[in-house]
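**Student:** Numbering (the numbering used here), first residue to last: 61 to 692.
Just so it is clear, CB atoms sit at the ideal spot from N, CA and C, and this is done for glycine as well.
All of these numbers come straight from a predicted model, not from anything done at the bench.
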Ligand code: FEO
Ligand code: CA
Ligand code: CA
Ligand code: CA
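Following this line, the structure appears as structure tokens:
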């Protein structure tokens, strides 16, 4: 393999290199199971009418019954294929902060449209590839914490590097563009703007000193030459989705961390003969995606075999204290974390729902041992508890299976570092790439975006678990995705039992007349593919962001650029609210404290968006109503 080409791969394709599909396998014998008998597909919204939707017939045969979006206080917009943002009539938008924008006055003018950001200023500006984010208020200041997921090296590096760093400085440049940005914003009459030089402004990068807590802190598995105690990892990486604790801190979620590590001991087109334990399951192989290992021994696992075990965690940051040390919470398990949705059990225990975004991986929840009420100490709430993994039954029930030494036969440290393997041992359900999980503020109910899964019914996951068609993953080679939701027993997020249904199956009713047309709440007027980011607004509406195929051709004809839609959880209606520029993913959503402005992330845009010249710049935009009313 030519390592230089890895930069052009999607994360799925990168994983496929690690775990290639065999020429033939047992799954080739899987005949597409009779989707029509799975009556629940005919209706999202089986809650409340579960008996009716079973046997409601073949999906797509009742196009005339497809819901018409009507119940929103905006006029839904059509698709777009251009290099601009579109919002409904009566709304406006503007960029809030762009990649390379100065957080400190010393970095003003550092970004240029031709060359991007110089290495000296790369940790004093807003990071690349904006993703999850949350709003905080502290002492009257409004703060945003925003993830910078990964890099676009062909855009970020000097042209002669052709997308791969050629020296240690260029590795530093890439490292500094990722991680987390904390910044203050203020509205002084011109709309929300970055407060340059605010004492709260902060960059947290691949080099920032962290601590760990929970059962893995100090364990052999996380000790390195540089940190023989195994308690002081450096850096948070591939920060994807986010979460907010009930006590007002930020949770950043480390997703495709595997891509940053490699080994200099082997030639670049061969796996080492023996990879360290667990590397296969997590997709860590001989060549890192950005050649970090060539210039920094920390990323070279022939030198530091435990360094990858120090990544893939949920990390807590206190945005109100720029001197605070981020904490990696090992009790929440190590996997490709999408986001972390915190709620409370009826008895006051802390519950965190989490998805592992890889084809055929699992959905988890953490439940603390201790309980909490506002104002009480938070010690131990994210370090002492039980990790569970989800099992979905075909009868639309499910259960949370505890991952303990008793249930898995693994020591606790291994359960957490290799949570995927623990999940496999207890028979967790292989999912269609769990992305964001969000909870309904108006009832005990959680939603998870299952973005797509080209391997569903085709090949096992990286641990060899079969991925049969069924349950909440009902379509073979699922290219459109769906949103599953569950209600815990007794309306208590601490319960171990739940019922589930599919809120929506994305699809294309113009191209298909079977299950790939989507569920009945998908219409030619609102269709989309690959739901990913999700958040509830305080009024109980579900905002859905997409990271899918924006070719507008073939299977995706009529779906246009990636977008943000709004769903009504009660009626199932879905309406398109925003379209992103061509090439971009719409990801990350939070609101101003007065709910009058929504902040929306635009990741990896194409063309020269938003400046209209030079390089494209991932940006957070502000969206508001012209009449000044709340929008969420
Ligand atoms: Fe970073 Fe799974 O999205
Ligand atoms: Ca995502
Ligand atoms: Ca995605
Ligand atoms: Ca992304």
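Any idea what DSSP makes of residue 596, helix, strand or coil?
**Tutor:** Here residue 596 refers to the residue found at position 536 when the chain shown is read from its first residue. Looking at residue 596 - three-state DSSP - the assignment turns out to be strand.
**Student:** Under the assumption that residue 664 contacts residue 189 (Cβ atoms under 8 Å), give the Cβ distance between them as a whole number of angstroms.
**Tutor:** As a first step, residue 664 is located in the chain shown; it is residue number 604 there, counting from the start. As a first step, residue 189 is located in the chain shown; it is residue number 129 there, counting from the start. Contact holds; Cβ gap of about 6 Å.
**Student:** Can you grab the Cα-Cα spacing for the pair residue 478 / residue 559, in whole Å?
**Tutor:** Residue 478 sits at position 418 when you count from the first residue of the chain shown. Residue 559 sits at position 499 when you count from the first residue of the chain shown. Spanning the two alpha carbons is a distance of roughly 28 Å.
**Student:** Could you tell me which residues DSSP pairs with residue 390 in its beta bridges?
**Tutor:** Residue mapping note: residue 390 aligns to position 330 of the chain shown, counting from 1. Paired residue(s): none; residue 390 is not in a bridge.
**Student:** Using a Cβ distance threshold of 8 Å, determine whether the stretch 524 to 533 contacts the stretch 474 to 491, with at least three qualifying pairs required.
**Tutor:** Contact between the stretch 524 to 533 and the stretch 474 to 491 is present, because at least three Cβ pairs lie under 8 Å.
**Student:** Need the endpoints of the beta strand (DSSP E) that residue 355 sits in, please.
**Tutor:** The residue you call residue 355 lines up with position 295 of the chain shown. Run containing residue 355: none in the beta strand (DSSP E); it sits in the alpha helix (DSSP H), 352 to 355.
**Student:** Quick one, are the C-beta atoms of residue 290 and residue 308 less than 8 Å apart?
**Tutor:** Taking the chain shown and counting its residues from 1, the one referred to as residue 290 is at position 230. Taking the chain shown and counting its residues from 1, the one referred to as residue 308 is at position 248. No, they are not a contact pair.
**Student:** Just to confirm my understanding: we take residue 213, look at its own chain, exclude 5 residues before and 5 after, and list those with CB closer than 8 Å. What are they?
**Tutor:** If you number the chain shown from 1, residue 213 lands on position 153. Cβ within range, chain order: 67, 221, 223, 224, 225, 234 and 350.
**Student:** At what residues does the beta strand (DSSP E) containing residue 485 begin and finish?
**Tutor:** By one-based count along the chain shown, residue 485 stands at place 425. From DSSP, residue 485 is part of no beta strand (DSSP E) but of the alpha helix (DSSP H) over 479 to 486.
**Student:** Whose CB is closer than 5 Å to a heavy atom of ligand 2? List the residues in chain order.
**Tutor:** After applying the 5 Å Cβ criterion, the set is 495 and 592.
**Student:** For residue 686, does the count of other Cβ atoms within 10 angstroms reach 16, so buried, or fall short, so exposed?
**Tutor:** Reading the chain shown from its first residue, position 626 is the one you call residue 686. By the 10 Å Cβ count, residue 686 comes out exposed.
**Student:** Look up residue 216 in the DSSP assignment and say whether it is helix, strand or coil.
**Tutor:** Translated into positions along the chain shown, residue 216 becomes position 156. Of the three classes helix, strand and coil, the one that applies to residue 216 here is helix, per DSSP.
**Student:** Is it the case that the CB of residue 209 approaches a heavy atom of ligand 4 more closely than 7 Å?
**Tutor:** Start at 1 with the first residue of the chain shown, and residue 209 comes out as number 149. True, at least one ligand heavy atom lies under 7 Å from that Cβ.
**Student:** Please indicate yes or no: does the CB of residue 398 lie closer than 7 Å to some heavy atom of ligand 5?
**Tutor:** Within the structure as shown, ligand 5 is missing, the only ligands being ligand 1, ligand 2, ligand 3 and ligand 4.
**Student:** Just the C-alpha distance for residue 633 and residue 593, rounded to the nearest angstrom, thanks.
**Tutor:** Indexing the chain shown from 1 puts residue 633 at position 573. Indexing the chain shown from 1 puts residue 593 at position 533. Straight-line Cα distance between these residues: approximately 18 Å.
**Student:** For residue 653 and residue 196, I'd like the C-alpha separation in whole angstroms.
**Tutor:** By one-based count along the chain shown, residue 653 stands at place 593. By one-based count along the chain shown, residue 196 stands at place 136. Going by the C-alpha atoms only, they are around 8 Å apart.
**Student:** Answer yes or no: do residue 527 and residue 512 have a C-beta to C-beta separation smaller than 8 Å?
**Tutor:** As a first step, residue 527 must be located in the chain shown, where it is residue number 467. As a first step, residue 512 must be located in the chain shown, where it is residue number 452. For residue 527 and residue 512, no; Cβs fall outside 8 Å.
**Student:** Residue 303: which of 317, 345, 191 and 184 sits nearest, CA to CA?
**Tutor:** The sequence position of residue 303 within the chain shown is 243, counting from 1. Of the candidates 317, 345, 191 and 184, the one whose C-alpha sits nearest the C-alpha of residue 303 is 191.
**Student:** Residue 205: buried (16+ other C-beta within 10 angstroms of its C-beta) or exposed?
**Tutor:** In the chain shown, the residue the question calls residue 205 occupies position 145. Counting Cβ neighbours within 10 Å, residue 205 comes out buried, since at least 16 surround it.
**Student:** Suppose the cutoff is 8 Å on Cβ atoms and the five residues either side in sequence are ignored; what does the same chain contact list for residue 281 look like?
**Tutor:** For the purposes of this step, residue 281 is taken as residue 221 along the chain shown, with counting starting at 1. Closer than 8 Å at the Cβ level, and outside the excluded window around residue 281, lie 290, 366, 369, 473, 474 and 477.
**Student:** Considering only their Cβ atoms, is the gap separating residue 651 from residue 658 smaller than 8 Å?
**Tutor:** Stepping through the chain shown from its first residue, residue 658 is reached at position 598. Stepping through the chain shown from its first residue, residue 651 is reached at position 591. A contact, by the Cβ cut-off of 8 Å.
**Student:** Whole angstroms are fine: how far does the CA of residue 352 sit from the CA of residue 229?
**Tutor:** The sequence position of residue 229 within the chain shown is 169, counting from 1. The sequence position of residue 352 within the chain shown is 292, counting from 1. One C-alpha to the other measures close to 11 Å.
**Student:** Should residue 70 be labelled buried (16 or more other beta-carbon atoms within 10 Å of its own) or exposed?
**Tutor:** Taking the first residue of the chain shown as 1, we reach residue 70 at position 10. Classification of residue 70: exposed, given that the 10 Å Cβ count is below 16.
**Student:** Closer than 7 Å to a non-hydrogen atom of ligand 1 - does that hold for the CB of residue 73?
**Tutor:** One-based indexing of the chain shown puts residue 73 at position 13. No - ligand 1 has no heavy atom lying nearer than 7 Å to the Cβ of residue 73.
**Student:** Given a cut-off of 8 Å on the beta-carbon distance, is the pair residue 251 and residue 158 in contact?
**Tutor:** Mapped onto the chain shown, residue 251 falls at position 191. Mapped onto the chain shown, residue 158 falls at position 98. It is not a contact, given that the beta carbons lie outside the stated cut-off.
**Student:** When you compare each of 678, 373, 547 and 683 to residue 148 by their alpha carbons, which one comes out closest?
**Tutor:** Indexing the chain shown from 1 puts residue 148 at position 88. Among 678, 373, 547 and 683, the Cα nearest to that of residue 148 is on 683.
**Student:** Between which two residues does the alpha helix (DSSP H) carrying residue 234 extend?
**Tutor:** As a first step, residue 234 must be located in the chain shown, where it is residue number 174. Residue 234 -> alpha helix (DSSP H) spans 228 to 236.
**Student:** Using the Cα positions of residue 688 and residue 202, report the straight-line distance between them to the nearest angstrom.
**Tutor:** Start at 1 with the first residue of the chain shown, and residue 688 comes out as number 628. Start at 1 with the first residue of the chain shown, and residue 202 comes out as number 142. Each residue's Cα considered, the two are about 19 Å apart.
**Student:** Going by the CB atoms, is the gap between residue 557 and residue 401 shorter than 8 Å?
**Tutor:** Within the chain shown, residue 401 is the residue found at index 341, counting from 1. Within the chain shown, residue 557 is the residue found at index 497, counting from 1. Taking 8 Å as the Cβ cut-off, residue 401 and residue 557 do not qualify as a contacting pair.
**Student:** By how many angstroms is the C-alpha of residue 589 removed from the C-alpha of residue 364?
**Tutor:** Counted from its first residue, the chain shown places residue 364 at position 304. Counted from its first residue, the chain shown places residue 589 at position 529. Straight-line Cα distance between these residues: approximately 40 Å.
**Student:** Closer than 7 Å to a non-hydrogen atom of ligand 3 - does that hold for the CB of residue 511?
**Tutor:** Position 451 of the chain shown, counted from the first residue, corresponds to residue 511. Flag set: Cβ of residue 511 near ligand 3.
**Student:** May I ask you to list the residues that DSSP assigns as paired with residue 451?
**Tutor:** Within the chain shown, residue 451 is the residue found at index 391, counting from 1. Answer by DSSP bridge pairing, in chain order: 459.
**Student:** Compare the beta carbon distance of residue 602 and residue 507 with 8 Å and say whether it is the shorter of the two.
**Tutor:** By one-based count along the chain shown, residue 602 stands at place 542. By one-based count along the chain shown, residue 507 stands at place 447. Contact flag set, yes.
**Student:** Can residue 642 and residue 141 be called in contact, C-beta distance under 8 Å?
**Tutor:** On the chain shown, position 582 is the one that residue 642 refers to. On the chain shown, position 81 is the one that residue 141 refers to. Contact flag set, yes.
**Student:** Near residue 503, what residues of its chain come up, given a Cβ to Cβ distance below 8 Å and the 5 sequence neighbours on each side ignored?
**Tutor:** Translated into the one-based positions of the chain shown, residue 503 becomes position 443. Only 547 and 551 meet the Cβ criterion.
**Student:** When you compare each of 381, 372, 379 and 383 to residue 389 by their alpha carbons, which one comes out closest?
**Tutor:** Your numbering for residue 389 matches position 329 in the chain shown. When only C-alpha atoms are compared, the closest one is 372.
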